[in-house]
Every structure is written in structure tokens, then in C-alpha cells.
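Chains C and A, in that order, give the protein sequences.
The numbering used here puts the first residue of the first sequence at 1, with every later residue one more than the last.
The numbering used here puts the first residue of the second sequence at 1, with every later residue one more than the last.
Cβ coordinates follow ideal geometry from the N, Cα and C atoms, glycine included.
Shown next, in C-alpha cells, is the structure this report addresses.
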Amino acid sequence: MSKKFLSGNEAFAEGIRLACPQVISAYPITPQTIVVERLSEMVEDGSLSAEYVHVESEHSALSCAIGASAAGARAFTATSSQGLLYMAECLYYASGGRFPIVMMNADRSTALPWNIYGDQRDSLSQLDSGWIQAYAENAQEALDLALMSYKIAEDKRVSTPYMANLDGFVLTHTYETVDIPEREQADKFLPAYETDNRIDFDNPKNMAFSAGPDTNYIFKFKEHEGILAARDVINETEKEFAEIFGREYSGLIEKYRTDDAEYIIVTLGSIAGLCRETADKLRESGVKAGVVRIRYMRPFPNAEIAEVLRNAKAYAVLEKDISFGNEGTVFTNVNSALKKAGVNVSGYNFIGGLGGRNISAGDIENIYNDIINGTDSVNFIGIGGEDNGK
Amino acid sequence: MANKVAESISREEFFYGHKACAGCGGSLAVRAALKVLGPNAVSVLPAGCMSAVGFNFPQLCFSNNSIISTFAGTASMLTGVEAGLRARGFKDFTAVGFAGDGGTADIGIQALSGAIDRNDNIIYICYDNEAYMNTGIQKSGLTPFGAKTTTTPAGSNIHGNLHNKKNMFEIAAAHDIPYAATASIGNIPDFIAKVKKASQIKGTKYIHVIAPCPTGWGVAPDQTVEIAKEVVESGLWYLAEYENGTFKLNYKPKEFSSVEAYLKKQGRFKHLTDDDIQIITASRDKKWEYINRTFEL
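Structure representation (C-alpha cells):
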């Protein structure tokens, strides 16, 4: 194991190098560019043996990756924001075809107004596209997700594409010290891709076909089963990862001081660290504050969320997203989890960080105070609340 | 060369049991090309007629490895398939795309241009039936001037399509592609010889084959091949190749057959006036003036 000082993008690229994709389709978009730049250098210096394809758009980036995966190759691409939306058609194609492609998405605001900075409206708008969606908090987790992603996606029970999301700039461009696993260990952890879902010259296949009303729903049910199966596979994979590399992860969610917590912020991505610091500070003044970081939005941690919030007095969902005309999508998902489990706790939604706007420690402290005292249902940090549907 | 290829093609069928309309020109082009390329062809077909008639689970009609791509993604998926198979160590295969005129000249042109630019080792065959036939005969970028489609109605103010056919052959050639060719299913020996030649060239190959659609063109199903011959004889289409930076004309009619006769046989051109036919004839003559000046014979 060696240590390097890397940005989130660079750490992810290191993880991908260790995962040995055979085909990389690359198209640049800020703030993802460093990933495809580093990968091209790795191919150049021979430390990564892959077909590196300079596609002419994001649509082609994912279409090419689908073709490569159909050929039985391990495929990688990366995108962000407008690029993710431009390739959206192919997202559904990849998941419907059960092609376990891995894609890094640098979470970024979507136009209009134009904005290159980080929020999570791009990936959260694609929750229904059938991809596993993971959200990293730091560069080390980004690297580790890159390595774990293929093992999870390619598991025969899962066979589902995997989107690893890194907050634009805050994570993609921030440098941290990162442990780089050894090649030998990585190879032991992640064997070569094997599947029946590929072109076969001995037994030719017709792939990506049509299925009418008689059979379509069966394919869709199987697709749903596949992504749900990732719940167990993620846990198994993290256990094996910890045994080999010594770093532990906690499955679909990560809990912080929640055992006795009365007031809990549920969030995702890089803002979680500041939430934990703020919870520590409030604990010193007697507030029983806790934090839940959602690591996977799909499959969604329904049971885990319900369990951790069951005994709280109130919770906030802090997210860099808004489903216009309703509320933040993460809030909707969390509320659904509680409803299904019969958990009745007051919940409030806080929308922040849109277009890269800073969320300060003071903002987070205010969130805790607001949920202690009660507030509007949906609150835009820095603007105010509204009681949509309350 | 052409006859030799005809003798050498596989007796095996690779595309059968499909639901194409009677007299479908596109399915003939796909069938013939796959007989040239053989069992190790991997075909990529976008949303369109051939995928709609050939890929309905559980009735799957290709006996070689085949996959549907997104509508815009024929060329990009071909790139991925070719790269993926090569990365896995396969050498003896041909990645071939079959896309219609809309899938090629309109929605798929960006991905096609990208693939040619990268010189990916693929064959891209555009079966041109001159409109979006699968969705019910709407105008595409390759619908000829004057044609009536369901989105270019022929009324007293506007006589069908107002735009000329996009020149995909020369657009492909302008990338300095290793090999590009035009063909017609009215001349199968010429078409399959070009497919054979393409399969022996490394890099990107583009073949544009006219494949009449009796349903959309308004001709009898048994007239597909005849009308595909006549479009060449009348000079409204031509058989040519681009290779090593040079255009070559493969066939020059001694005398053009009647443009009017070609047009008036088809329901889609029935409404054309003498003036319209004059415009089409003049456009043909201008094109041939260019071909005679710049193409080798």
C-alpha cells in the first residue's frame, strides 16, 4: 500500500486503474475531465491496458460502453451534468440490457442558468434509470468505490450498471492523502469479468431486443430484482474489501452518533463531514444530535433509514437537489421509507448547495435548531421555507 | 469480381423468419450482406425497420450475433463492440452496422462521423429507403425532392418534399475514409462485391445502398428490384466508390432511362407536375456533370 496526495478525480482514476477496464470511452466535461486525462496517461505509460476510445459525445460514450460490455469486456466511462442528461437514453439502455458498466459522475448543477459547480440535481434526476447510485464523501472512498463498483455491478445476482457520484469540485478537485492498494491485492479482490450476457461466437445471441406487452414486465421485474440484490452484494463486497485492504464501509448508509440521537440530519456526499462536526459541537451543549449519510440512493436503504430514525424526535434531509413543484427527491425517498415502516417522526427538508453555493457550519447549526423548534416542510437555505403539502 | 463473390457467398441464411413487408428492400440488403460476411459478423442495428421486424422476443431472426443499438448510436455501439471483442483477444470477426436513412443521415450522423474520424475498424451499411418507413413514412434527410411522405403532403401549394437528398456518400468520403461506396439492391452482384471488398479493408468502411420500400414508395412488392435498377438507369442514383482519396464511377448508363417514367411508377411521386420533373431532371444533369468531371471511370 502506498500513499499519494490526490484529488477525488485522481483517486477515482487510481481505483479504475486497479479495476482494469478493457474499454474506456472518454468525453470531457467539467469537472470530470481530470479522470479521463489521468486514465489516458495510464494507458500511455502502460500501467493500464485498455482500449481508450475518444468518442465525440456523451451519448456515444455510453453507447460505446454498452457495445463493449455486450462484447464481454469490462467498460468504463465518466460524465457530469449536461453530459449525463445527454446520455440519459443510454442509461436506461445499459440497465435494461443488464450491462454492468461503471461510470463516474461528477455531480454538477444543470442548466439553466449555466453553472459548472457542484450540486446533485444531475444524478438524482436519473434515480429511475435503473443504475446503482453511490455517493462518495472523500477521495479515499472514491478510490475504494471505483474498485468495489465492478465487483458489485458484475455479480451475477446483480448485473446492473453502477454510477459512482462525486460532488463536483468539492470532492473532484480537493486533494487528500489517499492509500493506494497494491495491484496484487486488487487482482485478488476483483477477478476478470465473466458473464453469459455477451456476444458468443459458439452460441450466437440476439441482444437488446424488443419485448412486447406479453413479456416486457417480466424483464422489468428481473431488472428490479437485480438492483435489489445489490443490497446484499454491497455488504458482502465491503466485508471482503475490509479483509483484504483493511478499510471498513457500512453498507447503504453511514451512521454517526445516532444511537441515542434525538435530532438527525440525513444527507449525502461531501457535506456529511461538516454535519458531523456540527453534531459534535451541539452535543457539547447538550443537544443529542446525529448524522446519517446515505451512501447508496439505489438500491435505496429503506429499512436502514427507518431503523435509524425510528427513535428520533425530528430529522432533517439536507440535499443539493429540488424536484420542482414538490420537494427534494431524497426527502421524498426518506419519507417513503418511514411510512412503509410505520415510523412517525417529524421530518423537514433543507435544500442547499445549489449551483455550488457554500453550505456553512452555521447553516447546519441552524438546521438542527429549526428541527428542534419546528419549521416549514421545505426550506431553501438562505431564502426561507414554504409549506408545500404540509 | 462481382460474379466471383456471388459464387462464394454462404448458402447459410443469417436473417430469416422476420416480419418485414413483402418486397422489403432493406431486408434483402441485410440478408445479402450477411451472406458475404458469414457467421462471424456481429451486426448492430438501431431502432428502425430491421430491428422492428427482426428482434421481437422470443422471435429473434438473426443467426449471427446481433444487437439493437439506440437510434443515434449505431456507429458508437459498433465502436464499442469492435473494441470490446478486440480487447478480449478476438481477431476473426466483422463488426457491421445496418442503419436506415434516418438513422444514418439524421440522428446517427454524429456518431458515424466520430467513428470514421477515429477510423474504427467497422463496416457501416446504410440501407436507404428514403424516409422513416418504420414509423409510417415520414420525411428524412435522405427523402428525395418532390416525394410525398406523411410529413410532406402533396398539396396544391407544396408538392411534397422541398429539400434535396443529403449526400451521405461524399460526406463519408470527406472524412478521408478508407473505403466508401454507393450501391443498389437492383444490382446485388455489385453490392455484395463492395461488401466483400469492405471486409478486407482495415478501418472504417461506409456503404450506402438504395433499398426501395414498396410500402412507402407506392410500388408493387414484386417491383422492388426493378425500381432499384431503374433509379440507377435513370441517373437519379449512381454506383461509385471512394478509395485512396479518389472517386470512381462503377457504372455509366449509355443513355439515361426516362426520369418521368421512374417517378410516375411510384405513388409518392404521382402528384409531380412537368415543372417538378424538370427540376429533378436538371438536378440529375448537374450532378452528372460533376460526376463526369471529378470521378474516374
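Straight-line gap, N115 (chain C) to P212 (chain A) (C-alpha atoms, nearest Å)
When rounded, the distance between both Cα atoms is 48 Å.
Assign A361 (chain C) to buried or exposed, taking buried as 16 or more other Cβ atoms, counted over all protein chains shown, within 10 Å of its Cβ.
With fewer than 16 neighbouring CB atoms inside 10 Å of its own CB, A361 (chain C) falls in the exposed class.
Checking contacts by CB at 9 Å: is P221 (chain A) closer than that to chain C?
No, P221 (chain A) lies away from the interface with chain C (no Cβ there is under 9 Å from its Cβ).
Does L142 (chain A) get closer than 9 Å to chain C when you measure Cβ to Cβ?
No, L142 (chain A) does not count as interfacial toward chain C.
Pick from C:S159, C:A211, C:P181 and C:E182: whose alpha carbon is nearest that of A233 (chain C)?
Here residue 233 (chain C) turns out to be Val, not Ala, going by the sequence shown. Taking the Cα of V233 (chain C) as reference, the smallest distance to any Cα among C:S159, C:A211, C:P181 and C:E182 is reached at C:S159.
Measure from the alpha carbon of I201 (chain A) to the alpha carbon of each residue in A:N164, A:L236, A:V209 and A:D120, then state which is nearest.
Measuring from the Cα of I201 (chain A), the nearest candidate turns out to be A:D120.
Proximal chain C residues relative to T79 (chain A), where beta-carbon distance stays under 7 Å
Near T79 (chain A) (Cβ distances below 7 Å), the residues of chain C are V53, C64 and G67.
Which one of C:A229, C:S129, C:G382 and C:Q185 has the shortest CA to CA distance from D144 (chain C)?
With distances taken between CA atoms, D144 (chain C) lies nearest to C:Q185 out of C:A229, C:S129, C:G382 and C:Q185.
Can you give me the C-alpha to C-alpha distance between P161 (chain C) and L147 (chain C), rounded to a whole angstrom?
Taking the Cα positions, P161 (chain C) is about 14 Å away from L147 (chain C).
Please report the distance separating the alpha-carbon of F324 (chain C) from that of A337 (chain C).
If I take the Cα positions, the gap works out to 21 Å.
Could you name each continuous alpha helix (DSSP H) segment of 4 residues or more that falls completely within the region 45-105 of chain C, going from the start of the chain to the end?
List check, alpha helix (DSSP H) in window: 58-70, 81-86 and 88-96.
Could you work out which residues of chain C lie near Q110 (chain A), taking near to mean beta carbons separated by less than 7 Å?
What Q110 (chain A) touches in chain C: E56 and S57.
Leaving out five residues on either side along the sequence, give the residues of the same chain with a beta carbon under 7 Å from the beta carbon of R276 (chain C).
Y256 and V291, listed in sequence order.
Please identify, using Cβ separations under 7 Å, the residues of the region 58-85 of chain A that lie next to chain B, in order along the chain.
No chain B is present in this structure, whose protein chains are C and A.
I need the boundaries of the alpha helix (DSSP H) containing F169 (chain A), first residue and last residue.
Note, F169 (chain A): alpha helix (DSSP H), M168 to A173.
In angstroms with no decimal places, state the Cα-to-Cα distance between A229 (chain C) and K288 (chain C).
Straight-line Cα distance between these residues: approximately 35 Å.
Counted within 10 angstroms of its Cβ, other Cβ atoms place Q278 (chain A) as buried (16 or more) or exposed:
Exposed, because fewer than 16 other Cβ atoms sit within 10 Å of the Cβ of Q278 (chain A).
Element boundaries [alpha helix (DSSP H), containing Q140 (chain C)]
Element bounds for Q140 (chain C): A139 to E154.
Is there a Cβ of chain C sitting closer than 9 Å to that of R11 (chain A), yes or no?
Using a CB distance cut-off of 9 Å, R11 (chain A) does not count as an interface residue toward chain C.
Starting from Q133 (chain C), trace the beta strand (DSSP E) both ways and give me its first and last residue.
Its beta strand (DSSP E) spans residues I132 to Y135.
When you compare the CB positions of I137 (chain A) and A198 (chain A), do they come within less than 9 Å of one another, or not?
No. Outside cutoff.
Answer yes or no: does any C-beta atom of chain C fall closer than 9 Å to that of P189 (chain A)?
Contact of P189 (chain A) with chain C is not assigned, every C-beta pair being separated by 9 Å or more.
Under the assumption that P21 (chain C) contacts A75 (chain C) (Cβ atoms under 8 Å), give the Cβ distance between them as a whole number of angstroms.
Sure, about 6 Å apart at Cβ, within 8 Å.
Residues near I305 (chain C) by beta carbon distance below 6 Å, same chain, minus five either side
For I305 (chain C), where only same-chain residues beyond five positions count, the Cβ hits under 6 Å are V334 and A337.
Could you give the distance in angstroms between the alpha-carbon of S377 (chain C) and the alpha-carbon of I383 (chain C)?
Rounded to whole angstroms, S377 (chain C) to I383 (chain C) spans 14 Å at the Cα level.
Cα-Cα separation between D240 (chain A) and P189 (chain A), rounded to whole angstroms
The amino acid occupying residue 240 (chain A) in the given sequence is Ala; Asp does not appear at that position. Rounded to whole angstroms, A240 (chain A) to P189 (chain A) spans 14 Å at the Cα level.
Excluding sequence positions up to five away, which residues of its chain have a Cβ less than 7 Å from the Cβ of Q133 (chain C)?
Sequence-distant Cβ neighbours of Q133 (chain C) in its own chain, meaning closer than 7 Å and more than five residues away, are S123, L127, M163, N165, Y296, M297 and R298.
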